[in-house]
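Have a look at the structure below, then the notes.
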Amino acid sequence: MDIEAFRKAGYQAIDRICDYYASMHERPVVSQVKPGYLIETLPENPPEHGEQFDAIADDFQKLILPGITHWQHPNFFAYFPTANTFEGLLGDLYSSSVANPTFSWLASPACTELEQVVMDWAAKLFGLGDQFLCKSKVGGGVIQTTASEGAIAVCVAARTRYQKLHPDAKLEDLVIYTSTQTHSLGTKAGLVLGLEVRALEVKAEDEYALRGSTLKEALEADLARGKRPFVVIATVGTTSSGAVDELDEIGEVLKDYPSIWYHVDAAWAGVAFACPEFRSAGKLDAVNKYVHSFCTNFHKWGLVNFDASALWVTDRNYLTDALDVTPEFLRTKQHDAGLVVDYRNWHLGLGRRFRSLKVWFVLRSYGIEGFQRHIRKGIEQNAYFASLVCASSEFELMTKPYLGLSLFRLKAPESVTAQGLAATNDLNRALYSRLMEDSDKLYITQTLLNGVICLRFAIGAQRTEIEHIDRAWKVIKTSAQAIVQAL
1127 MDIEAFRKAG YQAIDRICDY YASMHERPVV SQVKPGYLIE TLPENPPEHG
1177 EQFDAIADDF QKLILPGITH WQHPNFFAYF PTANTFEGLL GDLYSSSVAN
1227 PTFSWLASPA CTELEQVVMD WAAKLFGLGD QFLCKSKVGG GVIQTTASEG
1277 AIAVCVAART RYQKLHPDAK LEDLVIYTST QTHSLGTKAG LVLGLEVRAL
1327 EVKAEDEYAL RGSTLKEALE ADLARGKRPF VVIATVGTTS SGAVDELDEI
1377 GEVLKDYPSI WYHVDAAWAG VAFACPEFRS AGKLDAVNKY VHSFCTNFHK
1427 WGLVNFDASA LWVTDRNYLT DALDVTPEFL RTKQHDAGLV VDYRNWHLGL
1477 GRRFRSLKVW FVLRSYGIEG FQRHIRKGIE QNAYFASLVC ASSEFELMTK
1527 PYLGLSLFRL KAPESVTAQG LAATNDLNRA LYSRLMEDSD KLYITQTLLN
1577 GVICLRFAIG AQRTEIEHID RAWKVIKTSA QAIVQAL
């Protein structure tokens, strides 16, 4: 493909992307294809001779789009929202046009320096303390692929730090602490590093938050049996319930254990700190007072398309001590002189994408005011959905709604409740199964909260309006009535 052919194909691609977004609300939310549909359609071998690009682009429309679940659909209420804006798309396009691995400052100075700028912008947007700023020359921020990869990098840094403080510590004795509500990133870190993970129990009466007393009890028990807890992963806005761990209580406990790293995962909820009125509920003051590292994802609720996970640390040396690999062929005089940041030493990989460009495009286009308006809209919409649940005699909220997430379930008739929790759970599983049969109309997910099946309704898609919530609620109520009538 030459320049003019690329120009023509590019025009066509933009037109088709615009058409896709303009018609998205008319498409099924969840892909309706059967397993193996694409494998059975495509040839087993690549073509012997090159094909015309028009045919390739047409096959995207005919073969790929039917197999896409539309996460930006206004009726998508599953998992957590995933961000995508035209500004972010264009940022990705421009980033791809100057394709480079950006493993060092010299590889492309703009890539490194823009990342430092936008991470400081974001830290200030979210109210993080000066200790997290790249400008501090001590702490700083780095864009990771996902919160899961960021957590692994943090655990590597925490392990190295702990072993330097405790040279006698054996790997088999090291323990990662999470809660039973922590995202799977905690377990994944343990699997990758070959370390024990202990999930601490949380209670419904504590709104599923990890308490300091629970942590203290676990620490005393593990240390007594020769274990070495070295990192605690707390959460603001857990995936299952939206819970916010008691960060200040945890911080006070960890004062007595200064060699334990304190990480806060706010992958979904952290971007809400852009609005000052939500900082107290998310315990931002405790983040700034106690923690070593903090993570939130722009690519969930933060208007930047995947992948763009923001990780901040209070001391960058912990990352570089653990992850710095600089063979002779990667050395530069700027790095050797301590004049620049080389981000390859802040994460697991060597090469990295120019992700800061799309963050820059989005923050400049929306501004603080526009970013805040987007967050507030989702929270207001969730308050509206929660009011529908509360006004209904058929349903009940299972937790206090938090930001853009509500958990609810269908109330069971007396004949079902008399059979116990398992029967009520089966009723709600049946409701969820029926809703999945209507996945062309909406998409939600279920979860298990300390033995109780709940339905999750997560709001935050940029194109969702009140009318879409009303239609989703109608589908939910109709499905529930059918389930109850079938008893």
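Numbering (this note's numbering), first residue to last: 1127 to 1613. Glycine included, each C-beta is placed from N, C-alpha and C at the ideal position. These numbers were taken from a predicted model, which means no experiment stands behind them.
- For Leu-1529, the CB contacts under 6 Å within the same chain, skipping 5 residues up- and downstream, are Ala-1395, Ala-1398 and Ile-1505 in chain order.
- Distance from the CA of Glu-1372 to the CA of Asp-1246, rounded to the nearest whole angstrom, comes to 26 Å.
- Assignment of beta-bridge partners to Trp-1387 by DSSP yields Val-1357.
- In the DSSP annotation of this structure, Ile-1302 is not part of any alpha helix (DSSP H); the continuous beta strand (DSSP E) holding it starts and ends at 1300-1305.
- For Glu-1495, there is no enclosing beta strand (DSSP E); the residue is found in the alpha helix (DSSP H) stretching over 1482-1517.
- Sequence-distant Cβ neighbours of His-1151 in its own chain, meaning closer than 6 Å and more than five residues away, are Pro-1200.
- With fewer than 16 other Cβ atoms inside 10 Å of its own Cβ, Leu-1349 counts as exposed.
- Taking the Cα of Trp-1438 as reference, the smallest distance to any Cα among Leu-1259, Ser-1559 and Asn-1431 is reached at Leu-1259.
- If you draw a 10 Å sphere on the C-beta of Val-1515, you find 16 or more other C-beta atoms in it, and that means buried.
- In the three-state scheme derived from DSSP, where H, G and I count as helix and E and B as strand, Val-1370 is classed as strand.
- In this chain, the alpha helix (DSSP H) harbouring Ser-1149 covers 1129-1149.
- Counting only residues of its own chain and dropping the five nearest sequence neighbours on each side, Phe-1206 has a CB closer than 6 Å to the CB of Trp-1394, Lys-1426 and Ala-1584.
- In the three-state reduction of the DSSP assignment, Trp-1438 falls in the strand class, which pools E and B.
- For His-1594, the closest C-alpha among the options Ile-1143, Gln-1198 and Thr-1167 is that of Gln-1198.
- Here Leu-1531 has Gly-1368 and Ala-1584 as same chain residues with Cβ atoms under 6 Å from its own Cβ, once five neighbours each way along the sequence are excluded.
- Per DSSP, the beta bridge partners of Gln-1270 are Ser-1435.
- In the same chain as Gln-1572, and ignoring 5 residues on each side of it, the C-beta atoms closer than 8 Å to its own belong to Asn-1554, Arg-1555, Tyr-1558, Ile-1579, Cys-1580, Leu-1581 and Arg-1582, in chain order.
- Beta-bridge pairing by DSSP links Cys-1580 to Thr-1573.
- Looking at the DSSP output, Leu-1523 shares a beta bridge with Phe-1534.
- Non-local beta-carbon contacts of Ser-1230 in its own chain, meaning distances under 7 Å to residues more than five positions away in sequence, involve Leu-1456, Thr-1458, His-1461, Asp-1468 and Arg-1470 in chain order.
- Counting the other Cβ atoms within 10 Å of the Cβ of Ala-1273 gives 16 or more, which makes it buried.
- The DSSP-derived three-state label of Ala-1181 is helix.
- Annotation: Ser-1565 is outside any alpha helix (DSSP H) and is labelled neither H nor E by DSSP.
- Residues of the same chain with a CB within less than 8 Å of the CB of Ala-1344, apart from the 5 flanking positions on each side, are Tyr-1303, Arg-1324, Leu-1326 and Pro-1355 in chain order.
- Residue range 1212-1223 is occupied by the alpha helix (DSSP H) that includes Ser-1223.
- The C-beta separation of Ser-1435 from Gly-1276 comes to about 6 Å, placing the pair in contact by the 8 Å criterion.
- When only Cα atoms are considered, Glu-1322 and Gly-1352 end up about 13 Å apart.
- Within the same chain, and ignoring the five residues on either side of Arg-1589 in sequence, the residues whose Cβ sits closer than 6 Å to its Cβ are Pro-1200.
- Burial check for Cys-1144: the Cβ neighbour count within 10 Å stays below 16, so the residue is exposed.
- Shown here, Cys-1401 sits in coil according to DSSP, grouped into three states, outside any helix or strand.
- Under the three-state reduction of DSSP output, Thr-1550 falls in the helix class.
- For His-1196, the closest C-alpha among the options Val-1370, Ala-1509 and Val-1156 is that of Val-1156.
- Here the alpha carbons of Trp-1472 and Thr-1228 stand approximately 12 Å from one another.
- Just measuring C-alpha positions, the residue of Phe-1480, Asp-1450, Arg-1481 and Trp-1486 sitting nearest Leu-1474 is Asp-1450.
- By the 16-neighbour rule on beta-carbons within 10 angstroms, Phe-1420 is buried.
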